[in-house]
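S.K.: Each residue of the sequence shown is one higher than the last, beginning at 0 in numbering that gives the first Met the number 0. Glycine is no exception: its CB is placed at the ideal position from the N, C-alpha and C atoms. Starting off with a structure, shown below.
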Amino acid sequence: MIPDEVVEQVRDAADIVQIVGDYVNLKRAGADFRGPCPFHQGTHRNFSVSPRKRMYYCFVCHEGGDVFRFLQKRLGVEWPQAVKMVGDKSGIEVREIDSRREGPDPREPLWEVNATAAAYFQKILWDDPLGAQARDYLTKRDLTKEVAEQFGVGFAPREIGLLRNYMATLGFDEQRLVAAGLLISGEEGSESRPRFRGRLMFPILDPMGRNIGFGGRVIGQGEPKYLNSPESAAFSKGRTLYGLNWAKNDVRREDHVLVVEGYFDVVRLISAGFTTVVAPMGTALTDNQSAALRKLTKNVFLLYDSDKAGLQATFRSGDELLRQGASVRIVTLPEGDDPDTFVKKNGAAALTARMRDAIDVFERKIQLLERAGMFAELHKKRRALDRLLPTIRAAADQITRDLYLARASE
Numbered sequence: 000m001i002p003d004e005v006v007e008q009v010r011d012a013a014d015i016v017q018i019v020g021d022y023v024n025l026k027r028a029g030a031d032f033r034g035p036c037p038f039h040q041g042t043h044r045n046f047s048v049s050p051r052k053r054m055y056y057c058f059v060c061h062e063g064g065d066v067f068r069f070l071q072k073r074l075g076v077e078w079p080q081a082v083k084m085v086g087d088k089s090g091i092e093v094r095e096i097d098s099r100r101e102g103p104d105p106r107e108p109l110w111e112v113n114a115t116a117a118a119y120f121q122k123i124l125w126d127d128p129l130g131a132q133a134r135d136y137l138t139k140r141d142l143t144k145e146v147a148e149q150f151g152v153g154f155a156p157r158e159i160g161l162l163r164n165y166m167a168t169l170g171f172d173e174q175r176l177v178a179a180g181l182l183i184s185g186e187e188g189s190e191s192r193p194r195f196r197g198r199l200m201f202p203i204l205d206p207m208g209r210n211i212g213f214g215g216r217v218i219g220q221g222e223p224k225y226l227n228s229p230e231s232a233a234f235s236k237g238r239t240l241y242g243l244n245w246a247k248n249d250v251r252r253e254d255h256v257l258v259v260e261g262y263f264d265v266v267r268l269i270s271a272g273f274t275t276v277v278a279p280m281g282t283a284l285t286d287n288q289s290a291a292l293r294k295l296t297k298n299v300f301l302l303y304d305s306d307k308a309g310l311q312a313t314f315r316s317g318d319e320l321l322r323q324g325a326s327v328r329i330v331t332l333p334e335g336d337d338p339d340t341f342v343k344k345n346g347a348a349a350l351t352a353r354m355r356d357a358i359d360v361f362e363r364k365i366q367l368l369e370r371a372g373m374f375a376e377l378h379k380k381r382r383a384l385d386r387l388l389p390t391i392r393a394a395a396d397q398i399t400r401d402l403y404l405a406r407a408s409e
């Protein structure tokens, strides 16, 4: 087993353009590089390599991934061998360590089936009449095909047997699809059914770029609005941050992270040039997610919706981050806006200005309590203090806690 930190070191050191360029004739196209796809033997330059994202993608056959997956697909090697090959090319020795588990990593079959399913969902979205409604939906959301393809967005059709039958032709049995959460086992005597039906599909990658699950957004009417993959050997909702695989290096370099609510927010902001954006799988950050961010930076901006649920998630997340010793600031938007709609209407510069005006999470609490008249009368002040105390207690840093106490006593 190769430790995750070694995999990350190899990925960070690898020159994906040079490695892919050994097999594809690449030419610069703006910030990226283009060439003919080596997987469907294309002749046009529909194959793109992004040095910033450290990813490749074909806009025709929808094959995409990181430098390790490229070598896996191109040379037919297993993932550990691909990591070692990239390490050799990057001057890093890769050694496997003894694992407490016996046998191969049980997550590898799930990574593989998820990556294959992601390519299938993309083909349905762009190349099949079944994806027409989803394509119309993306148009209404002002999300271009190029942007959606870069993030691997696809569509899960409503038809029950299509995914199972397609995956079977590629050698994936029903048991593995169930283990990955792509299928739900039926009652005795009844067939399994897809977990995701009629949903826009966002592949969820771990920090190593491995496909661990999906987030599905319903098209049209239906509940729940968003549906994630279930817990599995590969996917843990409370430990996963959408977009961290793209953001982690820039978060370290720029020393801040911007936390938003959903998939569309992440996609919109990254495509607008914000490279330090992530989103939790639920609304509020968990302790594990907060700890993961704190390892990368102390400075966290929270940009949630301004409705009641968004405010509750803001302060729950803020308290969790304070327990990790983070410095937490709140970015506010006009009522009715979310990051996606705000950037569409006002542009990236307007959001950058809002980030400059962000205020401390405790100060934001006081601001809202003042607007609600909670400091006008003595009995209201007591209730206001009850709302401030959890944030004061959450602050792991003694100086921050003292400052909060002094501010609350004013």
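1. Assuming the contact rule is C-beta atoms closer than 8 Å, R328 and F300 should be a hit. Round their C-beta distance to whole Å, please.
2. What whole-angstrom Cβ distance do A278 and E260 have, given they're in contact under 8 Å?
3. Do N287 and D254 have their CB atoms nearer than 7 Å?
4. According to DSSP, which residues form a beta bridge with N24?
5. Report the residue ranges of all alpha helix (DSSP H) runs contained in full by the segment 116 to 190; include only those spanning at least 4 residues, in chain order.
6. Just checking, does the segment 214 to 234 make contact with the segment 302 to 322 on the three C-beta pairs under 8 Å criterion?
7. Looking at C-alpha atoms only, which residue of D396, A393, L387 is the closest neighbour of E409?
8. Can you tell me the Cα-Cα spacing of I391 and D318, whole angstroms?
9. Start and end of the alpha helix (DSSP H) containing S89?
10. Using CA atoms only, rank isn't needed, just tell me which of V93, G237, K88 is closest to L284.
11. In three-state DSSP terms, what is D104?
12. Under the assumption that Y119 contacts Y56 (Cβ atoms under 8 Å), give the Cβ distance between them as a whole number of angstroms.
13. Where DSSP assigns a beta bridge to Y55, which residues make up the other side?
14. So, for S49: in the same chain, excluding its five sequence neighbours on each side, which residues have a beta-carbon less than 6 Å away from its beta-carbon?
15. Which of the three DSSP states, helix, strand or coil, is assigned to P202?
16. Between the segment 64 to 79 and the segment 14 to 25, do three or more beta carbon pairs fall short of 8 Å?
17. Would you mind listing the beta strand (DSSP E) stretches within the segment 324 to 363 that are 3+ residues and don't spill past its ends, in chain order?
18. Count the other C-beta atoms from every protein chain shown that fall within 10 angstroms of the C-beta of G219, then say buried if there are 16 or more, exposed otherwise.
19. Determine the contact status of K192 and I183, defining contact as a CB-CB distance below 7 Å.
20. Which residue from R293, P333, D336, D337 puts its Cα closest to that of S316?
21. Quick test of the definition: if touching needs 3 or more C-beta pairs under 8 Å, does the segment 203 to 216 touch the segment 243 to 250?
22. On the DSSP bridge list, what partners appear for P279?
23. Within 10 angstroms of the Cβ of E148, are there 16 or more other Cβ atoms? Answer buried if so, exposed if not.
24. Drop a sphere of 10 angstroms on the beta-carbon of R94, count the other beta-carbons inside from all chains shown, and report buried for 16 or more, exposed for fewer.
25. For D264, report the span of its beta strand (DSSP E) as first-last.
26. Contact check, R406 vs I365 under 8 Å by CB: the rounded distance?
27. As a quick exercise: from G215, T143, E173, pick the residue whose alpha carbon is nearest that of A155.
28. Could you pull the DSSP bridge partners for D31 from this structure?
29. Going by DSSP, name the residue or residues bridged to G215.
30. Count the other CB atoms within 10 Å of the CB of N113; is the residue buried (16 or more) or exposed (fewer)?
31. Do the segment 85 to 92 and the segment 0 to 13 touch if we need at least three Cβ pairs shorter than 8 Å?
32. Is the beta carbon of V256 less than 7 Å from the beta carbon of T313?
33. In whole angstroms, what is the alpha-carbon distance linking N210 and G242?
34. Measure the CB-CB distance between L109 and A179 and report whether it falls below 7 Å.
35. Quick one: what's N287 bridged to in DSSP?
36. Is it the case that the Cβ atoms of L321 and A393 are separated by a distance below 7 Å?
M.R.: The short version:
1. 5 Å
2. 6 Å
3. no
4. Answer is none; N24 lacks a bridge partner.
5. 131 to 139, 144 to 149, 161 to 168, 173 to 178
6. no
7. L387
8. 9 Å
9. 78 to 89
10. G237
11. coil
12. Not confirmed; about 15 Å, so no contact.
13. V48, G64
14. D31
15. strand
16. yes
17. 326 to 329
18. exposed
19. For clarity, residue 192 is Arg in the given sequence; the question names Lys instead. Yes, the pair counts as a contact, with Cβ atoms nearer than the cut-off.
20. R293
21. yes
22. L240
23. buried
24. exposed
25. From DSSP, D264 is part of no beta strand (DSSP E) but of the alpha helix (DSSP H) over 262 to 270.
26. 7 Å
27. G215
28. A28
29. M200, L226
30. buried
31. yes
32. no
33. 12 Å
34. yes
35. DSSP, once it has assigned bridges, lists no residue as partnering N287.
36. yes
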